[in-house]
Each structure stands twice: as structure tokens, then as C-alpha cells.
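Quick note: the sequence shown uses my numbering, first residue 4, plus one each step. Even glycine gets a Cβ: it sits at the ideal position worked out from N, Cα and C. Just so it is clear, the structure is predicted and the values come from calculations on it, not from any experiment.
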Amino acid sequence: MIKQIYSLITYEESVKTMDAGADHIGLVPMQNGGVPAHRVEHELVDKIFDEAKRRGIKTVAIMLNKETEEMIEIAKRVKPDIVHIAGMEYTADAEFAKELKEACPGVELMQAVLVDGPEAIDRAIEYAKFSDYLLTDSGLAADTGIGASGETHDWAIDAEIVRRVDIPVIIAGGLGAENVEECIRQIKPFGVDSLSKTSIKYDGGHMEKDIEQVKLFCDRADKAAAEIGL
């Protein structure tokens with residue numbers, strides 16, 4: 004069971020998150036989009052990603068803008084394992100996927116799917132035609148695109164998406180240590196993602212990872228997956 008932890012800001016908390024059991028780590032490289040307090044300077048992204056890759060942990064660059072040229076230039080600069088398109092003003096398409104793969108050989112594409120009703124299933128099926136991963140999530144926010152709401156959604160829709168597509172699906176949306184086991188039992192996904200429930204949030208958009216909650220989340224995800232043979 005892949006445990007994906009967003010949104011890291013400092014080197015120290017990134018290392019602690021990896022130590023706590025994360026398999027994927029995600030952050031927002033400096034760009035024209037997203038909450039300013041969450042953006043990470045590219046030199047620091049390099050340091051965090053280098054340590055993750057040394058450990059065999061996958062790195063995710065979260066894109067919250069709508070400029071495809073900027074996204075590809077950032078990917079070329081910071082060299083993530085995965086580019087995650089998280090905005091709703093721009094969602095990836097087959098042309099972008101082709102451009103990304105040509106510009107950044109080996110980099111994979113993850114497209115967020117807003118789970119706002121049964122229509123999300125058709126969107127997921129379409130995105131799966133050109134993506135390497137899907138991430139299902141709750142809610143829209145002006146600065147953070149799809150997700151970061153801290154709210155869950157109808158997991159029956161996620162379960163149907165998992166059944167209907169042939170690429171890995173990671174579930175996000177209000178997941179924490181208290182509900183990740185039930186999520187895994189109901190949906191049987193490739194992975195689970197946490198941001199809000201494993202973060203301490205401060206005024207002005209600043210936050211830091213709650214490492215105790217990260218570890219609980221990872222441990223319980225592994226426990227549930229082992230129990231059902233995933």
C-alpha cells in the first residue's frame with residue numbers, strides 16, 4: 004500500500020516524513036500558483052528530492068498553475084518522479100502528457116480527479132487514457148485546486164473508479180489515521196494520500212507536518228492492506 008504524504012516544506016520535516024513510512028512525498032515547487040507559504044524554492048526541492056531518491060522514495064511535484072510551459076520547465080528543473088496536475092482551471096490532456104514525456108523522459112503523470120458525484124467516474128476514465136496515476140480528491144479551493152479540503156467524499160465512487168481504470172489510483176480527501184483503514188477496506192486502492200489530517204496549520208497559510216500522525220497514518224494503512232491481502 005503506497006502512502007503518499009503532501010505538502011512538505013522543509014528538509015527536516017521531509018526526512019522525518021520519510022522515516023515515518025511515506026512511500027511518495029509531494030511538495031509545491033516555486034511557481035505561479037498555490038498558497039505562497041507552501042511553495043518551496045527549487046534549490047531546497049533538489050535537496051529534499053535527492054534524499055528521497057537515495058532512499059527509493061518517489062518524489063511528486065504538485066502543479067497548481069495553469070501554464071503548461073511553466074509546468075514542463077519546472078519538471079525539467081527539479082526532476083521529480085511524478086508530476087501531479089492538481090488545479091481545476093487546467094487539467095491534463097493527451098497533448099500535455101505527450102509534451103511532458105518528450106521533455107522529461109521517465110517522468111510520470113498524475114491527474115487529480117474531483118469526486119463531486121458519479122460524473123467523476125467518466126472523467127477518471129478519460130484521464131486514465133493518458134495518465135500514469137489518478138488521484139481522487141474532495142473539493143475545490145481557489146489557491147490549492149482539487150483537494151486540501153480536509154473533507155471526505157463518497158468512497159463508493161472511488162471504488163468504481165478503481166474497478167473501471169487500469170492504472171494505479173491513489174485516494175485523497177480527508178484521510179488520516181482515524182479513517183484510512185476503513186478507506187482501504189472499502190476501496191482497495193493502489194495508495195492513500197494525506198495532507199490536512201497529518202498537518203498542523205497556522206495563520207497565514209503556514210503549516211508543518213504532524214510526524215506522529217504521519218506515522219500512525221502509515222502504520223494503519225499498512226495494517227489494513229496486509230489484512231485484506233493488498
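Report all residues from its chain with a CB closer than 8 angstroms to the CB of V183; omit the five preceding and five following residues, and keep chain order.
-> Excluding positions up to five away in sequence, the list reads V195, S197, F220, R223, A224 and A227.
Burial state of D22 (16 or more Cβ within 10 Å) = Under this definition D22 is an exposed residue.
Beta-carbon proximity check, G29 vs K6, cutoff 8 angstroms = No, the pair does not count as a contact, with Cβ atoms beyond the cut-off.
Can you tell which of A159, I203, R167 and K204 has its C-alpha closest to the C-alpha of I187?
-> It is A159 whose Cα lies nearest to the Cα of I187.
If D169 and A131 are in contact, beta carbons under 8 angstroms, what's the gap, nearest whole angstrom?
-> With a Cβ gap of about 7 angstroms, D169 and A131 count as contacting.
DSSP beta-bridge partners for E111?
-> As a beta-bridge residue in DSSP terms, E111 pairs with I85.
DSSP bridge partner residues for K6 (one or two, in chain order) = Answer is V195, bridged to K6.
Quick one, are the C-beta atoms of L138 and A123 less than 8 angstroms apart?
-> Contact: no.
Just mark H27 as buried or exposed, buried being the case when its beta carbon has 16 or more other beta carbons within 10 Å.
-> Buried, by the Cβ-count rule.
Between the Cα of D119 and the Cα atoms of A106, K104 and D161, which residue gives the shortest distance?
-> Of A106, K104 and D161, the smallest CA-CA separation from D119 is found for D161.
Excluding the five sequence neighbours on either side, which residues of its own chain have a C-beta within less than 7 angstroms of the C-beta of I190, listed in chain order?
-> Taken in chain order, the residues that qualify are W158, D161, A162, V165 and I174.
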